[in-house]
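Residue numbers (the working numbering): 20 to 64.
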């Protein structure tokens, strides 16, 4: 059974990935390395 969006948000919150959008990966106009975010998103899907 797949996770609901609310459950995914709780997982992100507890793992410290509050903003995993593309906009959150840019800091001061420079891409910020978020190597493990794709692992989290892949695991949630």
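Where is the CB? At the ideal position from N, CA and C, for every residue including glycine. Because the structure is a prediction, the values reported are computed rather than measured.
Would you kindly report the start and end of the unbroken alpha helix (DSSP H) that includes residue i?
i          : result
residue 34 : 24–34
Taking only the alpha-carbon atoms, compute the straight-line gap between residue i and residue j and give it to the nearest angstrom.
i          : j          : result
residue 27 : residue 63 : 7 Å
residue 23 : residue 47 : 32 Å
residue 29 : residue 56 : 15 Å
residue 34 : residue 25 : 14 Å
residue 58 : residue 20 : 19 Å
residue 31 : residue 61 : 12 Å
Excluding the 5 residues preceding and the 5 following residue i in the sequence, name in chain order all residues of the same chain whose CB lies nearer than 7 Å to its CB.
i          : result
residue 36 : 56 and 59
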